[in-house]
Structures are given as structure tokens and as C-alpha cells.
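As C-alpha cells, the structure follows; a few thoughts come after it.
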Amino acid sequence: MSRNEYKAKSLANDIWVYGAYYKFLPYTPNPLGSEPKEYKHLICTHTFSDWGLPRELTAIEIDLSTLCQNTGHVDKDGVAIWEHDILQYEDEQGSSLKGEVVWNHDHACFELFVEEGNFSQTFPLLNWKFLYSKFDKVEE
32 MSRNEYKAKS
42 LANDIWVYGA
52 YYKFLPYTPN
62 PLGSEPKEYK
72 HLICTHTFSD
82 WGLPRELTAI
92 EIDLSTLCQN
102 TGHVDKDGVA
112 IWEHDILQYE
122 DEQGSSLKGE
132 VVWNHDHACF
142 ELFVEEGNFS
152 QTFPLLNWKF
162 LYSKFDKVEE
């Protein structure tokens with residue numbers, strides 16, 4: 032992965048937005064510290080344009096609880112894997128496992144936490160398939 036890329040749900044319309052994460056304090060803080068510090072959490076991205084035309088930078092306010100970082104890995108079908116994605120593994124005998132991609136602070140890496148066996152597996156995850164993000168409404 033050559034750069035950090037994030038995604039999160041927009042506060043305005045609950046749609047995924049992609050780009051760089053930015054934590055923004057919208058006012059100059061009081062040096063006495065009497066004002067509460069309420070940050071805005073943004074995804075910064077650019078608008079589409081045609082060849083040679085200018086593009087604008089757009090900042091979209093996000094729901095911080097849905098912030099996910101790109102792992103830099105893909106599943107068996109080439110789909111990008113993000114933090115908090117739910118992946119599934121099926122073997123030739125029909126056995127199946129599901130797990131959530133999580134950040135392991137102790138080892139400074141992304142891992143797949145599989146609840147059924149209460150274990151974690153590090154990347155690469157060959158033969159695992161993306162199912163959905165844990166923040167998407169999915170009926171199973």
C-alpha cells in the first residue's frame with residue numbers, strides 16, 4: 032500500500048466516502064482551555080474532472096465510529112479488504128469460517144479475528160472472500 036486510504040459513512044446521507052482522514056478543530060482554541068474541544072472528523076477527497084480540467088478538494092463530515100483503513104490486501108476475487116470487513120473461508124468439504132478484519136495494536140498489524148475458533152490469522156488470507164462491512168445492514 033503506497034498511501035493510507037480510509038473510508039467511512041457520511042453524516043449527511045449514510046453513504047460510504049473514500050479518501051484521506053482528517054481530524055479538524057473548527058475554531059481557534061482558547062489558551063485558557065475553557066471552551067470544549069469538539070473536533071470534526073472528515074474524509075477529504077477530490078471531485079471528478081475531465082483531462083486537463085481542474086479538480087476541487089472536498090471534505091465530507093463522517094461518522095467516526097465507521098472509520099476504516101484500507102489493509103492494502105485483496106480477497107481471493109481481487110476485492111479490496113478494509114478494516115472491519117467480514118470475510119468468509121470455505122474449504123472443499125463445505126466447512127466454513129467467518130471473521131472480522133481488526134487492527135492488532137500489540138503487533139501493529141491487521142489480523143482476521145475468527146469468533147468460532149476464537150483465534151486470529153495474519154495476512155495474506157488466501158482463499159478468504161469478502162462478504163460485507165460490519166457497518167452495512169446485512170440480513171443473514
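Note that the sequence shown covers residues 32 to 171 in my numbering.
Quick reminder that beta carbons are idealized off the backbone N, C-alpha and C, glycines included.
Kindly give me the distance between the Cβ atoms of leucine 42 and isoleucine 93, rounded to whole angstroms, as I take these residues to be in contact under 8 Å. Yes, leucine 42 and isoleucine 93 are in contact; Cβ-Cβ is about 6 Å, under 8 Å.
Give me the DSSP bridge partner(s) of threonine 89. BP columns for threonine 89 point to Thr76.
In angstroms with no decimal places, state the Cα-to-Cα distance between lysine 129 and leucine 157. Near 14 Å, if we compare the C-alpha coordinates of leucine 157 and lysine 129.
Take aspartate 106 as the anchor and find which of Phe144, Glu123, Phe79, Pro155 has the nearest alpha-carbon. Minimum Cα distance to aspartate 106 is reached at Pro155.
Beta bridge counterpart(s) of serine 151 as assigned by DSSP: Beta-bridge annotation (DSSP): serine 151 is paired with Phe144.
Between which two residues does the beta strand (DSSP E) harbouring asparagine 101 extend? For asparagine 101, the enclosing beta strand (DSSP E) stretches over residues 99–105.
Looking at the secondary structure, which residues open and close the beta strand (DSSP E) in which valine 110 lies? Per DSSP, valine 110 belongs to no beta strand (DSSP E) and is neither H nor E.
Classify aspartate 167: buried if its beta carbon has 16 or more other beta carbons within 10 angstroms, exposed otherwise. With fewer than 16 other Cβ atoms within 10 Å, it is exposed.
Proximity winner among Ala111, Phe55, Ser96, relative to threonine 258 (alpha-carbon distances): Look at the range of the chain in this structure, 32 to 171, and you will see that residue 258 is not part of it.
Is the Cβ-Cβ distance between tyrosine 52 and leucine 98 less than 8 Å? If you check the CB distance, tyrosine 52 and leucine 98 come in under 8 Å.
Kindly indicate the opening and closing residues of the beta strand (DSSP E) around lysine 68. Taken as a continuous stretch (DSSP letters only), lysine 68 belongs to no beta strand (DSSP E), as it is neither H nor E.
Going by beta-carbon coordinates alone, are glycine 50 and tyrosine 37 separated by less than 8 Å? Contact: yes.
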